[in-house]
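J.: Structure incoming, see below.
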Amino acid sequence: MIGFYRAGFLGDNVVALKALLMLRHSYDGDIIIYTNAQGMQIFSKLSGFVCIDSSAMSKQELLAHINAQHFECFILTQPNRWSCKLLSMSNAKRIISFATLANLFSPRISKVFFSRAFSQISYHKALCKLVAKVDSKRFAKASIDFSNFRYPVDESARARVQAALDSATHYLITPKPAPNPKSPVSLAPIICLNPFVKSTRINLPLSTYINLAYKLATRFESMRFVILHYNGAPTLCLQDPLPNLFVFSNDNDLANLIELLRLSCLLISPSTGTIHIADMLHIPTIGIYNRKDSRLWLGDSMQKQHLVLLQTPLEQSSAQAIEQAQKRVYTLACAMLEPLAHSH
43 MIGFYRAGFL GDNVVALKAL LMLRHSYDGD IIIYTNAQGM QIFSKLSGFV
93 CIDSSAMSKQ ELLAHINAQH FECFILTQPN RWSCKLLSMS NAKRIISFAT
143 LANLFSPRIS KVFFSRAFSQ ISYHKALCKL VAKVDSKRFA KASIDFSNFR
193 YPVDESARAR VQAALDSATH YLITPKPAPN PKSPVSLAPI ICLNPFVKST
243 RINLPLSTYI NLAYKLATRF ESMRFVILHY NGAPTLCLQD PLPNLFVFSN
293 DNDLANLIEL LRLSCLLISP STGTIHIADM LHIPTIGIYN RKDSRLWLGD
343 SMQKQHLVLL QTPLEQSSAQ AIEQAQKRVY TLACAMLEPL AHSH
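What follows is the structure, encoded as structure tokens:
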């Protein structure tokens, strides 16, 4: 039995999927994932794993649960001081983690060296290196084509999203129960814009995303443009709504976001969980990144030529730099959408 700890932000959890698939592909025993509420929504859809929401457990409860499993190996993907100490106290026969100051001198932990500042591989590949250390000979022979992976469809969420899109008569749309009989499905392409991010200040202003949405919706009238919104995000109000421009206000159900992105043909977003979900679904993206993030958080479905690189955080960016970035995003989007416009 193998334990796997991953309880981060949305994007942190999503980028661990390939490491988990690699582990499942090459290991026949039980695999238990310790995660948080968002991780439960992502990982519980996968077959072949047991998911535990450890976010509500005390450290003593978590340690007791780990010890009750008698793990032959435990992969700790987030090695901070408390997690390294807790795992070192466990009865897991072997512990694998990234080398940090918190575990550098711990003989209980087998270490993989990876530096976010200097390593030349992306973070999801670094997570796969942790998995490979379980059995280097066996995993060296494992050949996995991640391009064939298809994240399971949530039919209920898909129906809710489609019903919301098909019946939209106002710019603000929310997931709703699917009518019976089903409403006709519109084939108009969907382009999503995600202005919000919590984990980085590398982004464009909200007003820039709104301007982009208006410009693109005006140019491509046969397409639907959707600005993504969630509970707790800054209020988003469109002053002059266009018939093909909407705000999708989601609740806390990630399945709605996933199924909306699955129906989409393009996402414009900073480096956050939303763009990693699109990457997981093999949806084309335009990413708002900086140079470091373009190396560390580049997904396998992302194209480097479709990244707009910012030099400074949002609060330090000049009006000229923001305007240039907006023009770059608009040019990229037009180039990617023109072929679709001709086919509709």
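The sequence shown: position 157 = 199 (the numbering used here), numbered continuously. Beta carbons are placed, not taken as given, at the ideal position from N, Cα and C, and that holds for glycine. Keep in mind it's a predicted model, so treat the numbers as computed, not measured.
Could you check the C-alpha separation between residue 355 and residue 335 for me, to the nearest Å?
T.: Straight-line Cα distance between these residues: approximately 12 Å.
J.: Does residue 165 come out as helix, strand or coil in the three-state DSSP assignment?
T.: Helix.
J.: Applying the criterion that 16 or more other CB atoms from any shown protein chain within 10 Å of the CB defines a buried residue, is residue 240 buried or exposed?
T.: Residue 240 is exposed by the Cβ-count criterion.
J.: Starting from the C-beta of residue 362, find all residues in its chain whose C-beta is less than 6 Å away, skip the five residues before and the five after it, and write them out in chain order.
T.: Within the same chain, residue 362 has no close Cβ partners at all.
J.: Can you tell me the Cα-Cα spacing of residue 74 and residue 232, whole angstroms?
T.: About 37 Å.
J.: So does the region 166-184 actually touch the region 252-271, counting three or more Cβ pairs closer than 8 Å?
T.: No: the two stretches stay apart, fewer than three of their Cβ pairs being nearer than 8 Å.
J.: Nearest CA to the CA of residue 307: which residue from 279, 294 and 268?
T.: When each option's Cα is compared against that of residue 307, the closest is 268.
J.: Have a look at residue 331 and residue 365 and give me their C-alpha separation to the nearest angstrom.
T.: Taking the straight line joining both Cα atoms gives about 16 Å.
J.: Going by DSSP, what residue range makes up the alpha helix (DSSP H) through residue 312?
T.: Looking at the DSSP string, residue 312 is not in any alpha helix (DSSP H); the run it does join, the beta strand (DSSP E), is 308-312.
J.: Buried or exposed for residue 260, going by 16 or more other Cβ atoms inside 10 Å?
T.: Classification for residue 260: exposed.
J.: So what does DSSP say about residue 155, is it helix, strand or coil?
T.: Of the three classes helix, strand and coil, the one that applies to residue 155 here is coil, per DSSP.
J.: Please confirm whether residue 246 and residue 367 have their CB atoms less than 7 Å apart.
T.: Yes. Within cutoff.
J.: Would you mind stating whether residue 43 and residue 113 have Cβ atoms separated by less than 7 Å?
T.: Yes, they are a contact pair.
J.: Run through DSSP, which three-state label would residue 316 get?
T.: Helix, per DSSP.
J.: Between the C-alpha atoms of residue 57 and residue 263, what's the straight-line distance to the nearest angstrom?
T.: Going from the Cα of residue 57 to the Cα of residue 263 covers about 34 Å.
J.: Return yes when the Cβ of residue 128 is within less than 7 Å of the Cβ of residue 146, no when it is not.
T.: No, they are not a contact pair.
J.: Sort 55, 177 and 89 by Cα distance to residue 119 and report the nearest one.
T.: Among 55, 177 and 89, the Cα nearest to that of residue 119 belongs to 55.
J.: Take residue 302 as the anchor and find which of 190, 202 and 135 has the nearest alpha-carbon.
T.: Cα-wise, what sits closest to residue 302 is 202.
J.: Which class does residue 47 belong to by DSSP, given the choice of helix, strand or coil?
T.: Strand.
J.: Just how far apart, CA to CA, sit residue 235 and residue 310?
T.: Spanning the two alpha carbons is a distance of roughly 5 Å.
J.: Rounded to a whole number of angstroms, what is the C-alpha to C-alpha distance between residue 371 and residue 377?
T.: The straight-line gap from Cα to Cα measures roughly 10 Å.
J.: Taking its Cβ as the centre, do 16 or more other Cβ atoms sit within 10 Å of residue 299, making it buried, or is it exposed?
T.: Under this definition residue 299 is a buried residue.
J.: Using a Cβ-Cβ distance cut-off of 7 Å, determine whether residue 145 contacts chain C.
T.: Looking at the structure shown, chain C is missing, and only one protein chain is on hand.
J.: Between 188, 189 and 172, which lies nearest to residue 181 when the distance is taken from Cα to Cα?
T.: Of the candidates 188, 189 and 172, the one whose C-alpha sits nearest the C-alpha of residue 181 is 172.
J.: Name the residue from 350, 295, 124 and 175 whose alpha carbon lies nearest to the alpha carbon of residue 312.
T.: Of the listed residues, the one whose Cα sits closest to residue 312 is 350.
J.: Any idea what DSSP makes of residue 289, helix, strand or coil?
T.: In this structure, residue 289 counts as strand in the three-state DSSP scheme.
J.: In whole angstroms, give me the CA-to-CA distance for residue 346 and residue 333.
T.: Distance between the alpha carbons of residue 346 and residue 333 is about 11 Å.
J.: Helix, strand or coil, according to DSSP, for residue 321 in the structure here?
T.: Of the three classes helix, strand and coil, the one that applies to residue 321 here is helix, per DSSP.
J.: For residue 189, report the span of its alpha helix (DSSP H) as first-last.
T.: Unbroken run through residue 189: none, as it is neither H nor E.
J.: Tell me residue 115's beta-bridge partners as DSSP assigns them.
T.: 44, per the DSSP bridge assignment.
J.: Identify the continuous alpha helix (DSSP H) that holds residue 256 and give its terminal residues.
T.: Residues 248-261.
J.: So, residue 244 versus residue 352, is the Cβ gap smaller than 7 Å?
T.: Yes, the Cβ-Cβ distance between residue 244 and residue 352 is below 7 Å.
J.: At which residues does the alpha helix (DSSP H) containing residue 66 begin and terminate?
T.: Taken as a continuous stretch (DSSP letters only), the alpha helix (DSSP H) holding residue 66 covers 59-68.
J.: Going by alpha carbons, who is nearest to residue 327 out of 348, 149, 338 and 271?
T.: Nearest option by C-alpha distance: 348.
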